[in-house]
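Undergrad: Residue 132 in full-length UniProt numbering sits at position 132 of the sequence shown, with consecutive numbering throughout.
Beta carbons are placed, not taken as given, at the ideal position from N, Cα and C, and that holds for glycine.
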Amino acid sequence: MVFCNNANLLNVFVRHIANNQLRSLAEVATVAHQLKLLKDDFFASDQQAVAVADRYPQDVFAEHTHDFCELVIVWRGNGLHVLNDRPYRITRGDLFYIHADDKHSYASVNDLVLQNIIYCPERLKLNLVNQQTGRARFRDLAPAQGNHTGA
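#1: For residue 86, which of helix, strand or coil comes out of DSSP?
#2: Tell me the residue span of the beta strand (DSSP E) that contains residue 123.
#3: How big is the Cα-Cα spacing for residue 75 and residue 113?
#4: Of the residues 119, 109 and 54, which one's Cα is nearest the Cα of residue 62?
#5: Inspect the beta-carbon positions of residue 77 and residue 46 and report whether they are closer than 8 Å.
#6: Using the three-state DSSP reduction, which class does residue 94 fall into: helix, strand or coil?
#7: Name the residue from 68, 54, 55 and 72 whose alpha carbon lies nearest to the alpha carbon of residue 37.
#8: Identify, in the order they occur along the chain, each residue of the same chain with its Cβ nearer than 8 Å to the Cβ of residue 93, setting aside the five sequence neighbours on each side.
#9: Looking at the structure shown, is residue 39 part of a helix, part of a strand, or coil, going by DSSP?
#10: Taking DSSP's pairing of strands, which residues face residue 107 in a bridge?
#11: Quick one: what's got a C-beta closer than 7 Å to residue 81's C-beta in the same chain, skipping five residues either side?
#12: Express the C-alpha separation of residue 132 and residue 79 in angstroms, rounding to a whole number.
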């Protein structure tokens, strides 16, 4: 498992801007709006399925997408997470999922500390589908109907 820090994000952002050979501040804003984080910047090899990215602290961060999925744990602080143009207040104890195609950003952060568990679903070697029923295996653990409290 590889651990990533905020320096990774800064390098990605600088490289993204430099690769586009920008000539004006307006072009910088346009490219920042189209920021896409790539697997190659966070995973040590193309076989690695999971990495952990610590955001200590998580600063304000421009809208972006990625070509991987992530689970985000909020350890401390609070902020505004804008997911697909919809704002959500996040605070300590929250856990949320971001799909590879989602666009999101962070704003109005206050001592925000996150941990991102980033992963590539296509690299996971898990047999999560029951071949007979076609249903996800973890659904088989839940009661089919009725009282879900166990009483």
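TA: From the atom records:
#1: Residue state, collapsed to three classes: strand.
#2: Going by DSSP, residue 123 is part of no beta strand (DSSP E) at all; its letter is neither H nor E.
#3: Residue 113 has its alpha-carbon roughly 5 Å from the corresponding atom of residue 75.
#4: Considering only alpha carbons, the answer is 109.
#5: Taking 8 Å as the Cβ cut-off, residue 77 and residue 46 do not qualify as a contacting pair.
#6: In this structure, residue 94 counts as coil in the three-state DSSP scheme.
#7: Of the candidates 68, 54, 55 and 72, the one whose C-alpha sits nearest the C-alpha of residue 37 is 68.
#8: Non-local beta-carbon contacts of residue 93 in its own chain, meaning distances under 8 Å to residues more than five positions away in sequence, involve 74 in chain order.
#9: In this structure, residue 39 counts as helix in the three-state DSSP scheme.
#10: According to DSSP, residue 107 shares a beta bridge with 80.
#11: Residues of the same chain with a CB within less than 7 Å of the CB of residue 81, apart from the 5 flanking positions on each side, are 88, 90, 104 and 106 in chain order.
#12: Answer to the nearest angstrom: the Cα atoms are 44 Å apart.
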